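Working notes for the structure below.
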Amino acid sequence: MKNTIKILSLLFITFFAFSSCSKDDDPTDNDLFVGKYNGTVRYNEGLNEVKSSTTGSVTVAKVGDTYNFNFSDAIPSLNGIKMKKGEGNIIILNDGALGNISISASNLNISYTKDGKTWFADCKR
């Protein structure tokens, strides 16, 4: 009985988290956000490995000021990107990283390079 209650509670929390983020919900205004953006994604590691898709997606998860960008098509995730609340565009020039991330309720644009690896996204929600 306890396991059933735990499972039902977990399902309810998960359902609430995903249903609370509508398509017109701006991630920059929320402390908790999960949303999926669809469009062109690309990744390359050095000059050898290139993964690209025009029908890819990026799932954005935000808790507080920290964003995690989970790419489709076996592209590695970008995790731990810090943006202040209300800031929808950030230019990154630290820790060996160089890039620009722009996010709104309807658009996500990423151009990010670190340690010879490059992530790119031009997606809409």
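Sequence positions in the sequence shown follow mature numbering (1 follows the signal peptide of the UniProt record, and there is no 0) and run -22 to -1, 1 to 103. Cβ coordinates follow ideal geometry from the N, Cα and C atoms, glycine included. It should be emphasised that the depicted structure is a prediction, and the values quoted were computed from it without experimental measurement.
query, result
"Could you tell me which uninterrupted beta strand (DSSP E) segments, each at least 3 residues in length, are contained entirely in the segment 7 to 76, listed from first to last along the chain?", "10 to 23, 27 to 41, 44 to 49, 56 to 60, 67 to 70"
"Would you decide whether Val19 is buried or exposed? Buried here means 16 or more other CB atoms lie within 10 Å of its CB.", "buried"
"Are the CB atoms of Leu86 and Val36 within a distance shorter than 9 Å?", "yes"
"Using the Cβ count rule (16 or more neighbours within 10 Å means buried), how would you classify Leu76?", "exposed"
"Might you give, ordered along the chain, the residues of its own chain that have their beta carbon closer than 7 Å to the beta carbon of Asn57, omitting 5 neighbours on each side?", "Asn46"
"Taking C-alpha atoms, which residue in Gly24, Ser50, Glu27, Asp93 lies nearest to Ala99?", "Ser50"
"Do you know offhand how far Phe(-7)'s Cα is from Ala39's?", "Any reading at Phe(-7) needs caution, since the residue's pLDDT is 47, under 50, leaving its predicted position unreliable; the model's value is listed next. Their backbone Cα atoms lie some 15 Å apart in a straight line."
"Determine, using beta carbons only, whether Gly24 and Cys101 come nearer to each other than 9 Å.", "no"
"The beta strand (DSSP E) with Ser89 in it runs from where to where?", "85 to 92"
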